[in-house]
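Undergrad: Have a look at this one before I ask anything.
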Amino acid sequence: ALDGAQRRGVRFLVFDEENEGERRLQFGLGRDLPSAIESGQMRLYFQPKISMIDGNVTGVEALVRWQHPEHGLVFPDNFIPLAERSGAIEPLTRWVLDAALKQASAWSALGIDLEISVNVSALTLHNRDFPNTVRTMLANWSFPANRLTLEITESAFISDVLRATDTLTRLHELGVRISIDDFGTGYSSLAYIRRLPIDELKVDKSFVMHMQSEPDDSVIVRVLVQLGRSLGLNVVAEGVEDRETWYMLAALGCNCAQGYYMARPLDVPNFEKWLQSSAWGLAGRAVAQASLA
Ligand code: C2E
Ligand code: MG
Ligand code: MG
Ligand code: MG
Numbered sequence: 293a294l295d296g297a298q299r300r301g302v303r304f305l306v307f308d309e310e311n312e313g314e315r316r317l318q319f320g321l322g323r324d325l326p327s328a329i330e331s332g333q334m335r336l337y338f339q340p341k342i343s344m345i346d347g348n349v350t351g352v353e354a355l356v357r358w359q360h361p362e363h364g365l366v367f368p369d370n371f372i373p374l375a376e377r378s379g380a381i382e383p384l385t386r387w388v389l390d391a392a393l394k395q396a397s398a399w400s401a402l403g404i405d406l407e408i409s410v411n412v413s414a415l416t417l418h419n420r421d422f423p424n425t426v427r428t429m430l431a432n433w434s435f436p437a438n439r440l441t442l443e444i445t446e447s448a449f450i451s452d453v454l455r456a457t458d459t460l461t462r463l464h465e466l467g468v469r470i471s472i473d474d475f476g477t478g479y480s481s482l483a484y485i486r487r488l489p490i491d492e493l494k495v496d497k498s499f500v501m502h503m504q505s506e507p508d509d510s511v512i513v514r515v516l517v518q519l520g521r522s523l524g525l526n527v528v529a530e531g532v533e534d535r536e537t538w539y540m541l542a543a544l545g546c547n548c549a550q551g552y553y554m555a556r557p558l559d560v561p562n563f564e565k566w567l568q569s570s571a572w573g574l575a576g577r578a579v580a581q582a583s584l585a
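According to full-length UniProt numbering, the sequence shown is numbered sequentially starting from 293.
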């Protein structure tokens, strides 16, 4: 007969087996990531940021995906945490930055000047050389620093960002804009906006998505928008999925929005189609709209 511990052991075994597929996938992904970056399996998708003042696109956020030969298109939540643990986040961040600046430069050459936002894990800020990397890449692409925003996402500990104040200050001195992503959740904290040189707050989509049905969420969004605007920051609401939410945010004084209502993250051909055809796209902008045709 099994004693209690063995029985628990058996239960764990069964429980583990249920997750075996996922664990094996994660293990494989973690192992394959460095060579996948080198062999060109990473892709960038682009999601527009829309000004709530005039309803026009101001910039794009680059969001990475992994075009995996066996697993298809893998989303970042499935490999960014692994990359952070294995150290592969450094080459990944360099690849994303380079690819994003390359694409933004290509659009600029067509007369379409968009701001570009790149996500940077707070861990990357511990690398004291990171500001030099960014400066070199901006120079390589002759891209103006003030059109690049780094969205800082924190996945580990609050101390990660606060310990990186020097690095953030040096990035800010380059002219790069600093954004705090997923503001209001996890470890992102009010201490950040007191101590760090930031330009933008992104109100986490978990509050925005339900602000119509959840009065508490709409109170939180209102307070975060007021906080950011009172401090003179750009405030971006993420997760805007419908028109009612857009109008609620506009009434609260939010100045920038992102979400499926305007556009999902799109690959380059589809993003360019969206730019040409959407009412949020180039139609309202005085830039060379015909360039993409
Ligand atoms: P994030 O930077 O907060 O990006 C927003 C996420 O919300 C994206 O998921 C986007 O596709 C999704 N989203 C946008 N609008 C809506 C909406 O209206 N409704 C809903 N339900 N979702 C919306 P995605 O692309 O899967 O990225 C997830 C996270 O992975 C990002 O969150 C970011 O933290 C991280 N990430 C993405 N690319 C990179 C990267 O190049 N480097 C690093 N370090 N992290 C990245
Ligand atoms: Mg982001
Ligand atoms: Mg976010
Ligand atoms: Mg996020």
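Note that the Cβ used here is the ideal one computed from N, Cα and C, for glycine as well. For clarity, every value in this text was computed on a predicted model and none was experimentally measured.
Thinking C-beta only, is E536 closer than 8 Å to D496?
TA: By one-based count along the sequence shown, residue 496 stands at place 204. By one-based count along the sequence shown, residue 536 stands at place 244. No, they are not a contact pair.
Undergrad: Verify whether the separation of the beta carbon atoms of W399 and M334 is less than 8 Å.
TA: Residue 399 sits at position 107 when you count from the first residue of the sequence shown. Residue 334 sits at position 42 when you count from the first residue of the sequence shown. No, the Cβ-Cβ distance between W399 and M334 is not below 8 Å.
Undergrad: Among all the DSSP beta bridges, which residues are the ones paired with T441?
TA: In the sequence shown, residue 441 corresponds to position 149, counting from 1. According to DSSP, T441 bridges with S409 and R469.
Undergrad: Taking three-plus beta-carbon pairs below 8 Å as touching, is the stretch 417 to 428 in contact with the stretch 464 to 484?
TA: Touching, per the Cβ criterion.
Undergrad: For V349 and R357, what's the separation of their Cα atoms in angstroms?
TA: The residue given as residue 349 occupies position 57 in the sequence shown. The residue given as residue 357 occupies position 65 in the sequence shown. Straight-line Cα distance between these residues: approximately 23 Å.
Undergrad: Enumerate in chain order the residues of its own chain whose CB-to-CB distance from E443 is below 6 Å, with the five nearest sequence positions on each side excluded.
TA: The residue given as residue 443 occupies position 151 in the sequence shown. The answer, listed in chain order, is S409, N411, S471 and D473.
Undergrad: Does the distance between the C-beta of T385 and the nearest non-hydrogen atom of ligand 1 fall short of 7 Å?
TA: Along the sequence shown, read from residue 1 onward, the residue named residue 385 stands at position 93. Flag set: Cβ of T385 near ligand 1.
Undergrad: Taking DSSP as the reference, what is the three-state secondary structure of residue 598?
TA: For the chain, the structure presents residues 293 to 585; residue 598 sits outside this window and is missing.
Undergrad: By the DSSP assignment, the alpha helix (DSSP H) with residue 233 in it spans what residues?
TA: Here the chain covers residues 293 to 585 and nothing more, so residue 233 does not appear.
Undergrad: Report the option in Q339, D324 and G347 whose CA atom is closest to the CA atom of A575.
TA: Position 283 of the sequence shown holds residue 575. Minimum Cα distance to A575 is reached at G347.
Undergrad: Could you compute how far the alpha carbon of P340 sits from the alpha carbon of L355?
TA: The sequence position of residue 340 within the sequence shown is 48, counting from 1. The sequence position of residue 355 within the sequence shown is 63, counting from 1. Taking the straight line from one Cα to the other gives about 11 Å.
Undergrad: What's the gap between the Cα of H502 and the Cα of D508?
TA: Residue mapping note: residue 502 aligns to position 210 of the sequence shown, counting from 1. Residue mapping note: residue 508 aligns to position 216 of the sequence shown, counting from 1. Distance between the alpha carbons of H502 and D508: 9 Å.
Undergrad: Alpha carbon to alpha carbon, how far is T477 from Y552?
TA: Start at 1 with the first residue of the sequence shown, and residue 477 comes out as number 185. Start at 1 with the first residue of the sequence shown, and residue 552 comes out as number 260. Cα to Cα, T477 sits roughly 21 Å from Y552.
Undergrad: Tell me S343's beta-bridge partners as DSSP assigns them.
TA: Position 51 of the sequence shown, counted from the start, is the residue given in the question as residue 343. In DSSP, S343 forms a bridge with C548.
Undergrad: Check L415 in the structure and name its three-state DSSP category.
TA: Here residue 415 is taken as the residue at index 123 of the sequence shown, counted from 1. L415 falls in the helix class under three-state DSSP.
Undergrad: Among the candidates R462, S569, L365 and F371, whose CA atom is the shortest distance from the CA of S422?
TA: Your numbering for residue 422 matches position 130 in the sequence shown. The sequence given here places Phe at residue 422; Ser does not occur at that position. The candidate whose alpha carbon is nearest that of F422 is R462.
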